[in-house]
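Structure first, commentary second.
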Amino acid sequence: MNLMPRPLPFSFYLQDTVSLARALLGQVLCRRTAEGLTAGIIVETEAYLSQDDPACHASRGMTRRNAPMFGPPGRAYVYFIYGNHYCFNVTSGAEGVGEAVLVRALQPLEGVELMLRRRGEAVNLVDLANGPGKLCRALSIDTALNGHDLRKDPLWIAAGRLAHFEVVSAPRIGITQATEKLLRFYIKDNNYVSRRASIERNPGTGD
DNA sequence: GGGAAGATGTTCT
DNA sequence: GAACATCTTCCCT
């Protein structure tokens, strides 16, 4: 993995948000800065929907913060939380419909040394980007990238080359509303997922 | 202008 | 497993 992988096309983002959250698993999030290239395989996501989802930032209409969620799909929605952390989302849904997919964890792929330097505290690969705040730190993602088109340098998503894998659905993490919805998705048995669910369900069966 | 909550991470028990 | 640091955003007065 040395060459810069090509970005996924705009058409990739033209699927419903839940499908996109699952489709993003296994794809590669790439970030270039003056320091170098860093990239990781997306292994965990969460869907935030416009309908019947009070946990979604867009559930009470558009504000200055969540404006990118109402823009075109395939853009970055980055916000600052808890005084310390950034969270990176991929906007989804048609323009005007506030939805997005939160990227929660990456399996480091490229630029590991640089990511280690940025994280500092992390002592091993597993802890490098296994959480939304951690991955933003590792890839140097902040609100300067809010609204950025994810087909373009210096932050883009490229097609991954993972072999077949199973997807698990589970409740979302860190929210206080709509906690029963199974809108978190991750790659089964992947060590870089932030937290495994006590009951691992297959999203295809509707269990 | 003020207050409360928050899609977290770390540290301590 | 629970507490808490930290500060921006949003909503209300």
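Going by our numbering, the first sequence opens with residue 2, and the numbers climb by one from there. Cβ atoms here follow ideal geometry from the backbone N, Cα and C, with glycine treated the same way. The structure presented is a predicted model; accordingly, all values stated were derived computationally and were not measured.
Looking at residue j and residue i, is the spacing between their C-beta atoms short of 7 Å?
i, j, result
"Arg105", "Ser195", "yes"
"Leu140", "Thr39", "yes"
"Ala130", "Gly37", "no"
"Glu100", "Thr177", "no"
"Ser51", "Val127", "no"
"Ile142", "Leu151", "no"
"Gly148", "Arg76", "yes"
"Gly161", "Val29", "yes"
By Cβ distance below 8 Å, which residues in the same chain neighbour residue i in space, the five residues on each side in sequence not counted?
i, result
"Glu167", "Ile188, Lys189, Asp190 and Asn203"
"Leu15", "Pro74"
"Lys153", "Pro8"
"Ile82", "Cys88 and Gly134"
In chain order, what residues of the same chain lie with their CB nearer than 6 Å to the CB of residue i, ignoring the 5 residues before and after it?
i, result
"Glu201", "Val169"
"Arg173", "Glu47, Leu184 and Arg185"
Quick one: what's residue i bridged to in DSSP?
i, result
"Pro86", "Reading the sequence as shown, one finds His at residue 86 and not Pro. In the DSSP output, where bridge partners are listed per residue, His86 has Ile82."
"Thr18", "Per DSSP, none; premise fails for Thr18."
"Cys52", "For the record, residue 52 in the displayed sequence is Gln; it is not Cys. The partner list for Gln52 (beta bridge, DSSP) is empty, contrary to what the question assumes."
"Val102", "Ala48 and Val91"
"Arg202", "Ser170"
"Ala68", "Paired residue(s): none; Ala68 is not in a bridge."
"Tyr187", "Glu45 and Val169"
"Ala59", "Paired residue(s): none; Ala59 is not in a bridge."
"Pro109", "Gly41"
Say yes only if the C-beta of residue i is nearer than 6 Å to one or more non-hydrogen atoms of the ligand GDP, and no if none qualify.
i, result
"Val98", "In the structure shown, the ligand GDP is absent, as is every other ligand, since no ligand is present at all."
So, for residue i: in the same chain, excluding its five sequence neighbours on each side, which residues have a beta-carbon less than 7 Å away from its beta-carbon?
i, result
"Thr46", "Ala22, Leu25, Leu26, Val102, Leu103, Val104, Arg105 and Phe186"
"Val44", "Leu26, Ala106, Leu107, Gln108, Tyr187, Ile188, Asn191, Tyr193 and Val194"
"Leu115", "Glu36, Gly37 and Thr39"
"Pro155", "Arg32, Arg33 and Thr34"
Using a Cβ distance threshold of 8 Å, determine whether the stretch 173–184 contacts the stretch 114–121, with at least three qualifying pairs required. no
Three CB pairs or more closer than 8 Å across the stretch 51–69 and the stretch 105–118: no
Continuous beta strand (DSSP E) assignments of at least 3 residues falling wholly in the stretch 23–49: 29–34 and 37–49
Is the stretch 86–99 in contact with the stretch 62–71, if contact means three or more CB pairs nearer than 8 Å? yes
Continuous alpha helix (DSSP H) assignments of at least 4 residues falling wholly in the stretch 132–184: 133–140
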